[in-house]
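So the protein sequences, as listed, match chains A and B. Using this note's numbering, read the first sequence as starting at 117 and increasing by one per residue. Using this note's numbering, read the second sequence as starting at 15 and increasing by one per residue. Using N, Cα and C, we set each Cβ at its ideal position, and we do this for glycine too. If you're wondering where the values come from, they're calculated on a predicted model, not measured in any experiment. Since the structure comes first, as structure tokens, the remarks are kept for the end.
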Amino acid sequence: MNIIVVGLGKVGEKLVERLSREDGHNITVVDVRQSILQDTVNSYDVMGVTGSGAGIETLNEAGIDEADILIAVTGSDVLNLLTCLIARKINNNCNTIARVRNPEYSREIHLIKEELGLAMIINPEQTAAMEMARVLRFPSAIEIDTFAKGRVEILKFRLQKDSPLCNLKLVDIGGRLGSNILICGVERGNDAFIPSGDFMLKEGDFVSIVAAIKDAASFIKKIGIKTNKVKDCIIVGGGTTAVYLAHNLIKSGIEVKIIEQNRERAEFLCGIIPKADIINGDGTDNRLLIEEGIENAESFVSLTNIDEENVMLSLYANTKTQGKVITKINRIGYDEVIRNLGLDTIIYPKDITAEYILRFVRAMNNSIGSNIETMHYILDGKAEALEFRIVDGSPVANKTLETISLKPDILIACIIREGKIITPRGKDMMLAGDTVIVVTTNKGFNDISDILK
Amino acid sequence: MKYRIVSYVLGCVLGIEAAAMLLPFGCAVVFDEPCKWTFLLCSLICLGVSVPLILTRPKDKTMFAKEGFAAVALSWIFMSVFGALPFVFSGSIPNFIDAFFETASGFTTTGASILSDVEALPKSMLFWRSFTHWIGGMGVLVFLVAILPVSGGGNLHLIRAESPGHSVGKLVPRVKSTAKILYGIYILMTILEILLLMVGGFDWFEASTLTFGTAGTGGFGILNSSVGEYSSYIQVIITVFMVMFGVDFSFYYLLIMRKVRSAFKMEEVWIYLGIIAASIAVIFFNIRDAFGTSEEALRHSAFQVSSIITTTGFSTVDFDLWPQLSKTILVLLMFCGACAGSTGGGLKVSRILILFKSIIKEIKVLVHPKSTVKVKLNGKPLEHEVLRGVNVFFVAYMFIFAVAMLIISCDNMDFTTNFTAVVATLSNIGPGLGAVGPTCNFSGYSTVSTLVLSLVMIIGRLEIFPVLVLLSRKTWKK
Numbered sequence: 117m118n119i120i121v122v123g124l125g126k127v128g129e130k131l132v133e134r135l136s137r138e139d140g141h142n143i144t145v146v147d148v149r150q151s152i153l154q155d156t157v158n159s160y161d162v163m164g165v166t167g168s169g170a171g172i173e174t175l176n177e178a179g180i181d182e183a184d185i186l187i188a189v190t191g192s193d194v195l196n197l198l199t200c201l202i203a204r205k206i207n208n209n210c211n212t213i214a215r216v217r218n219p220e221y222s223r224e225i226h227l228i229k230e231e232l233g234l235a236m237i238i239n240p241e242q243t244a245a246m247e248m249a250r251v252l253r254f255p256s257a258i259e260i261d262t263f264a265k266g267r268v269e270i271l272k273f274r275l276q277k278d279s280p281l282c283n284l285k286l287v288d289i290g291g292r293l294g295s296n297i298l299i300c301g302v303e304r305g306n307d308a309f310i311p312s313g314d315f316m317l318k319e320g321d322f323v324s325i326v327a328a329i330k331d332a333a334s335f336i337k338k339i340g341i342k343t344n345k346v347k348d349c350i351i352v353g354g355g356t357t358a359v360y361l362a363h364n365l366i367k368s369g370i371e372v373k374i375i376e377q378n379r380e381r382a383e384f385l386c387g388i389i390p391k392a393d394i395i396n397g398d399g400t401d402n403r404l405l406i407e408e409g410i411e412n413a414e415s416f417v418s419l420t421n422i423d424e425e426n427v428m429l430s431l432y433a434n435t436k437t438q439g440k441v442i443t444k445i446n447r448i449g450y451d452e453v454i455r456n457l458g459l460d461t462i463i464y465p466k467d468i469t470a471e472y473i474l475r476f477v478r479a480m481n482n483s484i485g486s487n488i489e490t491m492h493y494i495l496d497g498k499a500e501a502l503e504f505r506i507v508d509g510s511p512v513a514n515k516t517l518e519t520i521s522l523k524p525d526i527l528i529a530c531i532i533r534e535g536k537i538i539t540p541r542g543k544d545m546m547l548a549g550d551t552v553i554v555v556t557t558n559k560g561f562n563d564i565s566d567i568l569k
Numbered sequence: 015m016k017y018r019i020v021s022y023v024l025g026c027v028l029g030i031e032a033a034a035m036l037l038p039f040g041c042a043v044v045f046d047e048p049c050k051w052t053f054l055l056c057s058l059i060c061l062g063v064s065v066p067l068i069l070t071r072p073k074d075k076t077m078f079a080k081e082g083f084a085a086v087a088l089s090w091i092f093m094s095v096f097g098a099l100p101f102v103f104s105g106s107i108p109n110f111i112d113a114f115f116e117t118a119s120g121f122t123t124t125g126a127s128i129l130s131d132v133e134a135l136p137k138s139m140l141f142w143r144s145f146t147h148w149i150g151g152m153g154v155l156v157f158l159v160a161i162l163p164v165s166g167g168g169n170l171h172l173i174r175a176e177s178p179g180h181s182v183g184k185l186v187p188r189v190k191s192t193a194k195i196l197y198g199i200y201i202l203m204t205i206l207e208i209l210l211l212m213v214g215g216f217d218w219f220e221a222s223t224l225t226f227g228t229a230g231t232g233g234f235g236i237l238n239s240s241v242g243e244y245s246s247y248i249q250v251i252i253t254v255f256m257v258m259f260g261v262d263f264s265f266y267y268l269l270i271m272r273k274v275r276s277a278f279k280m281e282e283v284w285i286y287l288g289i290i291a292a293s294i295a296v297i298f299f300n301i302r303d304a305f306g307t308s309e310e311a312l313r314h315s316a317f318q319v320s321s322i323i324t325t326t327g328f329s330t331v332d333f334d335l336w337p338q339l340s341k342t343i344l345v346l347l348m349f350c351g352a353c354a355g356s357t358g359g360g361l362k363v364s365r366i367l368i369l370f371k372s373i374i375k376e377i378k379v380l381v382h383p384k385s386t387v388k389v390k391l392n393g394k395p396l397e398h399e400v401l402r403g404v405n406v407f408f409v410a411y412m413f414i415f416a417v418a419m420l421i422i423s424c425d426n427m428d429f430t431t432n433f434t435a436v437v438a439t440l441s442n443i444g445p446g447l448g449a450v451g452p453t454c455n456f457s458g459y460s461t462v463s464t465l466v467l468s469l470v471m472i473i474g475r476l477e478i479f480p481v482l483v484l485l486s487r488k489t490w491k492k
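Structure, rendered in structure tokens:
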């Protein structure tokens, strides 16, 4: 597909990185800053065009007349919308995606989307807040991705020292715990594995399991992790994300306390989130945190604008509370270091935003030629979980799994047949009409037949 | 530097060279010449060196600028070394340094020769000599990128280090597709010329060798008189194609994509054609009296101008006998060279244009000290980095020129010979004036000078910096 990315900020660059890794995309990037453009062109296989995305000449040079998707992710909402508007005027077949982050537009967002013919509007703060809220409702997992219209989940959690799963081989887990789940991926340090039966789990591994929702809950309970959603939440930093998050949490009955340093901002928050407790004070002040009850808080979210401060806050919170701790990281890129700090959930708004857009691009790509229903990056982006629909005459249909020879590093994680979820064993078959979830560290699968050797 | 990625690229390049040597082998089989086994042997030697190098293929194929530069520069040196083997083994050019000069001259599309009697060589040897022009014209790394299964941002460094021009961009978002398009246009134009030459009465051997010489803007002929003995039809066809291969290939791409308007907006192409037209006109009036008819004078002036500005180096007459004005114009054209993004060498018209505009800008700034003026090309303001690059390139070009001339002056040839020998090799033209004129050759130079001139050709073809990067100690640090 021909894709134009306008704006090489954090999200733009992430998108370019991810998209250029996938096959079959011709990517053109547009930015006014020559030096940044040069860097990107040197690192990824893309073409660069200097200029403003809202300029007709620039868009023409970037090949708008043959573009399938235009993604406008500059720092300015207005510029993004204008770019999309002009792009649609030149090429009516181009799908446009705009990043719009100003909360003032959020109420009219549907109107804007409709009127400008946008395919998608993405708001990074809101998206990040949604992600955080989801984690808080299911605090034991680190990441949750849903498949099969929400019936199947892939959960990721970290093995604690006292977990019964430690030092257990995968083949023994079913027998020991009698659960209907499948371990589809393990991350250890920087490596990601799709484990086979004799794989031994160790303390500190990040384990991803695929299961039906109710099975997942009971499994989690069996291995001794609390499943209850949190009752209250302390948020440090009252930015836009905090507003979205607070609204979201309050709606699901979670008490929210926001600590905001700036007096004016605190008063403003007070006005727009009446149900939350707004504390005007320095969130990095330990005494204040203790005074506000961090020791008994069931969850803690650090949302200040400084990444380093968020990391420190969360590390501190980890020592004080048993609750869930979420850290927002906007900018810094030392993933490996941060992961080893033992912070349980880290939210990278740029990654999430990029992920959402990628999902859309994938879905578009599917409509021309492939048949992926949904797809998620799992295991820290090192693997993909793909949902395929099996059609009549597919080369994998009507065969028992034992007899199908797969490429390496592929796991058929789940079969969904008429709403029933089957954790596949060797004797199971894929039938026409089923959807199946495939987990793989290979990239660029477009069809279920790609899994065959 | 990551040695493994560099050696991997080197291995691939030698693999391509091994495959390329099978063509002259085929040619030798057709003509049943005894040197056929030489080609097969050399091909196997290339393959033998290439395979272990390819096996060093690293897992992480990311390439940074320095690896790109080093890989390209080393590839060209190695290619010339291995390409010289057939000449040495078959005894056509027994001295290895001479053979290296001849091959470097072939790959860099210079066309300078140390052979005094070209016609004495077996046909397959001549074919190989001309074929090196064709490989070197568009560049072997561009070919490699077009066929290599991996793609990544790093590959752009390879193309950038190999392709001529002040700023090498892409035609389409993917490096690989860009490389394929370039080679597609190149192959198409090559086939067209071969066919047109065959219409003029050439057999396939003459048509293809001469076309390789034109397409790469090389200049190796198969007769001692270069192109002088052929019919005027052939000479006209070659003139037209020389000019065409000197045009920026993105011009053709834009034409193919029916973006005629943006194609015709390319300033460089117009200036290039303008310089050619003006030079032809002046030389025509300058030499008209020496020829019987005006047609003949026009044909020869057009042929020589096109041959020199595109840095091909074919000749129809001995222009060393022409009046001073004509000779001087030709020498100046040697510096100028063809368009960026073509197969030609030299400073490139775009750089001359930018330098010229910089002078105008400087004058404006001197007159109005506070005025803000930007140098523009194709209607777009140029970044400071680009201007700096062009300026430094020009200075480096002149330095290399001076140093090379100093070294070869030890051989005690006359000034005209030395001066034109260096410019003819640095700009990848071929013949110069005096003792290296169109009817003479470079065999008069000593071994040291031959080696220096060989390196000058490679430096000129890769536009200086990739080779200079090799000399920095920091490049080699792990």
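Residue i at chain A interface by Cβ criterion, 8 Å
i, result
"B/V186", "yes"
"B/V189", "yes"
"B/E170", "Reading off the sequence shown, one finds Leu at residue 170 of chain B, where the question assumed Glu. Chain A, which has a Cβ nearer than 8 Å to the Cβ of B/L170, makes this yes."
CB contact below 8 Å: residue i versus chain B
i, result
"A/A163", "One point to set straight first is that residue 163 of chain A is Met, not Ala, in the sequence displayed. Cβ-Cβ to chain B under 8 Å: yes for A/M163."
"A/V477", "no"
"A/N562", "no"
"A/N158", "yes"
Cβ separation of residue i and residue j, assumed to be a contact under 8 Å, to the nearest whole Å
i, j, result
"A/V268", "A/V323", "About 17 Å separates the two Cβ atoms, so there is no contact after all."
"B/T324", "B/F259", "6 Å"
"A/P465", "A/K440", "Not a contact, Cβ separation roughly 18 Å."
"B/N169", "B/V189", "5 Å"
"A/I374", "A/G397", "With 8 Å as the limit, A/I374 and A/G397 do not qualify as a contact, their Cβ atoms being about 11 Å apart."
"A/S521", "A/K569", "5 Å"
"B/D428", "B/S463", "About 14 Å; that fails the 8 Å criterion."
"B/F103", "B/A34", "Wrong, their Cβ atoms sit about 16 Å apart, outside the cutoff."
"B/W284", "B/F226", "In fact, because the Cβ distance is near 28 Å, the residues do not count as touching under 8 Å."
"B/S486", "B/G351", "Actually they are not in contact, since the Cβ atoms of B/S486 and B/G351 sit about 26 Å apart, beyond 8 Å."
"A/L186", "A/V122", "7 Å"
Strand pairing of residue i, partner residues [DSSP]
i, result
"B/P12", "What is shown of chain B runs 15 to 492, which leaves residue 12 of chain B out entirely."
"A/G301", "A/S324"
"A/A308", "A/E303"
"B/F226", "The partner list for B/F226 (beta bridge, DSSP) is empty, contrary to what the question assumes."
"A/D398", "Answer by DSSP bridge pairing: none, since A/D398 is not bridged."
"A/S415", "A/K440"
Interfacial residues, the region 525-557 of chain A to chain B, with Cβ spacing under 7 Å | none
Interface positions of the region 124-153 of chain A facing chain B (Cβ-Cβ less than 7 Å), listed along the chain | N142, I143, T144 and Q150
Quick one, which residues of the region 366-400 of chain B are near chain A if we go by CB-CB under 9 Å, in chain order?
-> K394, E397 and E399
Given a limit of 9 Å on CB to CB distance, which residues of the region 121-152 of chain B reach chain A?
-> none
Do the region 533-545 of chain A and the region 489-502 of chain A meet, that is, are 3 or more Cβ pairs less than 8 Å apart?
-> no
Does the region 143-154 of chain A come within contact of the region 162-176 of chain A, defined as at least 3 CB pairs closer than 8 Å?
-> yes
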